[in-house]
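Peer 1: Residue numbers (our numbering), protein chains in the order written: chain A, -18 to 172; chain B, -18 to 172; chain C, 98 to 363.
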Amino acid sequence: MAELALIRVLEGALFAAREPLSIQALKQLFEDSPQHPSEGMLREALSRLADEYADRSVRLIEVSTGFRFQVIDALSPYLARLSEEKPGRYSRATLETLAMICYRQPVTRGEIESVRGVAVGSPIIRTLEERGWIHVVGHKDVPGRPALYATTRQFLNDFGLKSLDQLPLPQGVQRRISEDLLAGLTEQMDE
Amino acid sequence: MAELALIRVLEGALFAAREPLSIQALKQLFEDSPQHPSEGMLREALSRLADEYADRSVRLIEVSTGFRFQVIDALSPYLARLSEEKPGRYSRATLETLAMICYRQPVTRGEIESVRGVAVGSPIIRTLEERGWIHVVGHKDVPGRPALYATTRQFLNDFGLKSLDQLPLPQGVQRRISEDLLAGLTEQMDE
Amino acid sequence: MKQPVQGELPLAIVAGEVLTTLPEDLYIPPDALEVILDAFEGPLDLLLYLIRRQNLDIRQINVAEITHQYMAYIAMLEAMRFELAAEYLLMAAMLAEIKSRVLLPRPPDVDAEEEDPRAALIRQLLAYEELKQSAELLDSIPRVERDWVVAQALAPELDLLRPPPTVELAELVVAFSDLLARAQLSAAHQVHFETLSTRERMSQILDHLQTRAELALHELFQVHEGRAGVVVAFLAVLELVREGLISLVQAAPGQLIYVTRGAQHG
Chain A
-18 MAELALIRVL EGALFAAREP LSIQALKQLF EDSPQHPSEG MLREALSRLA
32 DEYADRSVRL IEVSTGFRFQ VIDALSPYLA RLSEEKPGRY SRATLETLAM
82 ICYRQPVTRG EIESVRGVAV GSPIIRTLEE RGWIHVVGHK DVPGRPALYA
132 TTRQFLNDFG LKSLDQLPLP QGVQRRISED LLAGLTEQMD E
Chain B
-18 MAELALIRVL EGALFAAREP LSIQALKQLF EDSPQHPSEG MLREALSRLA
32 DEYADRSVRL IEVSTGFRFQ VIDALSPYLA RLSEEKPGRY SRATLETLAM
82 ICYRQPVTRG EIESVRGVAV GSPIIRTLEE RGWIHVVGHK DVPGRPALYA
132 TTRQFLNDFG LKSLDQLPLP QGVQRRISED LLAGLTEQMD E
Chain C
98 MKQPVQGELP LAIVAGEVLT TLPEDLYIPP DALEVILDAF EGPLDLLLYL
148 IRRQNLDIRQ INVAEITHQY MAYIAMLEAM RFELAAEYLL MAAMLAEIKS
198 RVLLPRPPDV DAEEEDPRAA LIRQLLAYEE LKQSAELLDS IPRVERDWVV
248 AQALAPELDL LRPPPTVELA ELVVAFSDLL ARAQLSAAHQ VHFETLSTRE
298 RMSQILDHLQ TRAELALHEL FQVHEGRAGV VVAFLAVLEL VREGLISLVQ
348 AAPGQLIYVT RGAQHG
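1. Does the pairing of the region 90 to 101 of chain A with the region 22 to 32 of chain B give three or more beta-carbon distances under 8 Å?
2. How many angstroms separate the CA atom of Val52/A from the CA atom of Gly47/B?
3. By alpha-carbon positions, which one of Gly98/A, Thr78/A, Leu7/A, Leu10/A ends up nearest to Leu129/A?
4. Look at the alpha carbon of His120/B and the alpha carbon of Pro127/B, and state the distance between them as a whole number of angstroms.
5. What residues are listed by DSSP as bridge partners for Val52/A?
6. Taking the alpha-carbon positions, what's the Met191/C to Pro58/A distance?
7. Does the distance from the CB of Phe50/B to the CB of Leu251/C come in under 8 Å?
8. Tell me the DSSP secondary structure of Tyr71/A in three-state form.
9. So, are the CB atoms of Leu60/B and Ala(-6)/A less than 8 Å apart?
10. For the alpha helix (DSSP H) that Ser28/A lies in, which residues bound it at each end?
11. Pro15/A to Leu23/A, Cα distance in whole Å?
12. When the Cβ atoms of the region 144 to 154 of chain A are set against those of the region 101 to 113 of chain A, are three or more pairs found closer than 8 Å?
13. Give the residues from the region 211 to 234 of chain C that approach chain A closer than 9 Å (Cβ to any Cβ), ordered along the chain.
14. Counting only beta-carbon atoms, is Tyr84/B nearer than 8 Å to chain C?
15. State yes or no: is the C-beta of Gly21/A within less than 8 Å of the C-beta of Gly139/C?
16. With a threshold of 8 Å between beta carbons, is Gln51/B in contact with chain C?
17. Distance, Cα to Cα, Arg62/B vs Glu336/C?
18. Please list the segments of the alpha helix (DSSP H) lying wholly inside the region 93 to 151 of chain B, counting only runs of 4 or more residues, in order along the chain.
19. Helix, strand or coil: which one does DSSP assign to Ile343/C?
20. Show which residues of chain B have a CB atom less than 8 Å away from the CB atom of Phe48/A.
21. To the nearest angstrom, how far is the alpha carbon of Glu162/C from that of Asp122/A?
22. Hey, would you say Ala183/C sits closer than 8 Å to Thr164/C, going by beta carbons?
23. Can you list, in chain order, the residues of its chain with a C-beta nearer than 6 Å to that of Ala(-2)/A? Leave out the 5 residues immediately preceding and following it.
24. Does chain C have any CB closer than 8 Å to the CB of Pro104/A?
25. Are the beta-carbon atoms of Gly341/C and Ala360/C separated by less than 8 Å?
26. Can the beta-carbon of Leu317/C be found less than 8 Å from the beta-carbon of Val356/C?
27. What is the DSSP secondary structure of Thr308/C, reduced to helix, strand or coil?
28. Where does Ala313/C fall in DSSP's three states?
29. Would you identify the three-state DSSP class for Arg(-1)/B, choosing helix, strand or coil?
30. Check this for me: beta carbons of Cys83/B and Thr133/B, under 8 Å apart or not?
31. At least one CB of chain B closer than 8 Å to the CB of Glu0/A: is that the case?
32. Taking the alpha carbon of Arg85/B as the reference point, which residue from Tyr225/C, Leu222/C, Val199/C, Leu293/C has its own alpha carbon closest?
33. Is it buried or exposed for Leu106/C, if we count other Cβ within 10 angstroms and need 16 for buried?
34. If distances are taken between C-alpha atoms only, which option among His116/A, Ile4/A, Leu56/A, Thr108/A comes closest to Val246/C?
35. Who are the Cβ neighbours of Val88/A in its own chain at under 7 Å, not counting the five residues just before and after it?
36. Quick one: list the residues of chain A neighbouring Pro239/C, beta-carbon separation under 7 Å, in chain order.
See below:
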C-alpha cells in the first residue's frame, strides 16, 4: 500500500481522535512503518497543516496534552440554533468552587468553604469530578485527612489552555502577589 | 457580526456534529438569520465543500440520515497503531449508574439521579448501552415518559452470572420481599 | 419599586430598636426576597453587595453602619419567615461582636496579640471578592461545549479496537454499597429490596410489552419454572402494578386477565 503523505496522516488522525494527540501519539502513528518522522518533521508538518486550515471553519490548535482541531467561535450562533440545550452552564457556587481549586490548588474542601463563607455541597465537587476538571491529588496531613483537590489536564484542554500559567489573574490576586512580594522583600531586608 | 459564507457554516457545523446532518438540520442553522439558503443552495454549497476536501484525508459523504465528514479508510493502519492500548477503566459515575440499574431495575434516569444526588450524563448511559450491558425496556407512564433501563442478557454473560439472583448484595441489605409491597397491595385492594 | 409600608406594627427588632418600617434604601418587595436570597452565595456575598452598593472600599467600611444594614436585612428575612442558613446568623453574631468591640474603648495592650476582628473581616471580604472575580474570569474563558466544539470526523472502522474496560463483580457491589451509604438508604425500612430475581423478571415483562401492547397474564407464568418461578413472576407483576408500570385489565369477572403498559387511568 502506498504511504500517505505525512501531513495527510496527521490530518486524518487528528480528525479521527477523540482527544488531543501529543507529539508522542503522533509518532506512534508511524511505528514499524517505513516513514519515521522526527519530532521536527512532525512539528513542521503540523504547522503547514495549520496554515492549510487558516481560512476554514476549523483550526488546528495546541492545548495542554497535544494538538486538536476545533470549530471556530464564529460558528457558535449557528450551532446554537441546532440544539435546544444550552450545555455547559454552571451555577455560581460551582464556578466559585472551581475557581478556588484552580487558583489555589491543591486545596481542601474546608479551605474553599472558609473563603466562600458557606458549605460546599458534595454534589458540586462530584459534578466537577465527573466533568473531569478536578481530581484528588492527595490528603492533607491534618485530623480527618481531608482530600486535596487540583485541576486536571482535561480542565486545561477544555478551557483551551496549555498550562495554568495562561489563566488570567484577577486584580486582587495581582495585588496580593505584589504585596506578598513586598512583604517578603522587606522581611529579607530586615534580616 | 458579519455573516459567514454559507460554505464555511456548513463546514463548521458538519465537523461539530456528532451525527450526520440532514438538509433539514442544515437549514435550521440559518433560522432567524438574514441568510435563508434554499435546499438548492445548500446542495450546491455541499457539493463545492466536498470538492474542497477531495484531496484531503477527510471526505464529505452523504449517508441515509444526512451528510457527514468521514476519515478515509487508508488511515486505518495508522490509527490502529494508536489504539493498541490496555483497557481503560470506567469512572465511578459509570459504575454507580450500572449498579443502580442492576440492583434497582427497571429504573429511570431520574431515579438514578435522585439516589446519586447528581445528574447522570447521557454519555454514561450511552457507554453502558454501547457496551451492551443495559437497554431500554419501556417508558414510565409519567410526564416526559422517561425510559426505563434494565440490564441485558449480555450483562449476565459478561459477568458470568446465570441470573441476577447470583449477584451478591452489599452487607446490611437483606434479601427480603418487602413489607411495603404487601402493604401496597392491601391498599390497592381496598381502593 | 417603592410601595407603601404599613407603619403600625413593629416589623422586627434590630439591635434593640423596634423597626416599624424597612430602611428606605433596603426596601425590597416581599415576593422578590426569595429570589434575592437565592441570588446571594452566602453572608459574605450579601455583605459585599451592601458595601458595593454604597461604592465603599472594603478597607474603609464602617462596621457599625454595615452591621446595621446587614441586621436589618436579616431581620426582614426572618420577619418574612424565610429559613435562613446558619451561616447568615453566624455572620450576624460576628458583626455584632465586632461592632461592640469597635465601640467600646479597649484597655491598652490587652489585645495586642489578638487579631483585630475588623481586620479579619476585611481580609475575609477581600478574599471572597477576589474569588468572585476569579470565578467570573474563569467563566469568561471560552470553553468546550459552551463556546466551541472539538472538530471531529467519523473514524474509519478499525480491526484493532481498544478493549473496553472490564468490571469485576465486586466493584459493582462496592459501587452500590457506596451509593446506599451516601443516600443513607441502607436502613431497610426506607427502601424495599425485592429479590433480584423479581426485579429481573420485572424488566423482562416490560421488555415483552415493548413488542406487544398486551399479554395474557397466564403467559407470564411458565410451568417449567416450577413453583419458585411462578412466585417470582407473580411478585414481579404485583410490584410493576404498584409502581404504575403495568396495569391488569379484566373485561368481566371470570374472563382472562390482560397485562398492559402503564398505569391504569380513570
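Glycine included, each C-beta is placed from N, C-alpha and C at the ideal position.
These figures come from a predicted structure and were not determined experimentally.
Peer 2: Let me lay it out:
1. At 8 Å Cβ cutoff, the stretches do not touch.
2. Those two C-alpha atoms are separated by around 20 Å.
3. Taking only the C-alpha atoms, the option nearest Leu129/A is Thr78/A.
4. Distance between the alpha carbons of His120/B and Pro127/B: 5 Å.
5. Val52/A is bridged by DSSP to Val39/A.
6. Whole-angstrom Cα-Cα distance: 48 Å.
7. Yes.
8. Three-state DSSP puts Tyr71/A in coil, outside helix and strand.
9. Inclusion of Leu60/B and Ala(-6)/A in the CB contact set at 8 Å is warranted, their separation being smaller than that value.
10. Its alpha helix (DSSP H) spans residues 20 to 33.
11. Distance from the CA atom of Pro15/A to the CA atom of Leu23/A, rounded to whole angstroms, is 15 Å.
12. Contact between the region 144 to 154 of chain A and the region 101 to 113 of chain A is absent, because fewer than three Cβ pairs lie under 8 Å.
13. Going along the region 211 to 234 of chain C in chain order, one finds Gln221, Leu223, Ala224, Tyr225, Glu226, Glu227, Leu228, Lys229, Gln230, Ser231, Ala232, Glu233, Leu234 with a Cβ nearer than 9 Å to chain A.
14. Chain C, which has a Cβ nearer than 8 Å to the Cβ of Tyr84/B, makes this yes.
15. No, the Cβ-Cβ distance between Gly21/A and Gly139/C is not below 8 Å.
16. So yes, Gln51/B belongs to the interface.
17. A direct Cα-Cα distance of roughly 51 Å separates Arg62/B from Glu336/C.
18. Those alpha helix (DSSP H) runs which fall completely within the region 93 to 151 of chain B and span 4+ residues are 103 to 111, 134 to 139.
19. If DSSP states are grouped into helix, strand and coil, Ile343/C belongs with the strands.
20. Within chain B, not a single residue places a beta-carbon under 8 Å from that of Phe48/A; the smallest gap is close to 13 Å.
21. Computed Cα separation, rounded: 41 Å.
22. Result no, Cβ atoms of Ala183/C and Thr164/C do not sit closer than 8 Å.
23. Excluding residues within five positions, none has a Cβ falling inside 6 Å.
24. For Pro104/A, no CB of chain C lies under 8 Å from its own CB, so it is not counted at the interface with that chain.
25. It is a contact, given that the beta carbons lie within the stated cut-off.
26. The answer is yes: Cβ separation under 8 Å.
27. The DSSP-derived three-state label of Thr308/C is helix.
28. Three-state result, Ala313/C: strand.
29. Three-state result, Arg(-1)/B: coil.
30. In this structure, Thr133/B does not lie closer than 8 Å to Cys83/B by Cβ.
31. Glu0/A has a beta carbon lying at 8 Å or more from every beta carbon in chain B.
32. Relative to Arg85/B, the option among Tyr225/C, Leu222/C, Val199/C, Leu293/C whose CA is nearest is Leu293/C.
33. With a pLDDT of 46 at Leu106/C, under the threshold of 50, the predicted position of this residue should be treated as unreliable, though the coordinate-derived value follows. Exposed.
34. Measuring from the Cα of Val246/C, the nearest candidate turns out to be Leu56/A.
35. Taken in chain order, the residues that qualify are Met81, Ile82, Leu129, Tyr130.
36. Result: Asp54, Gly141.
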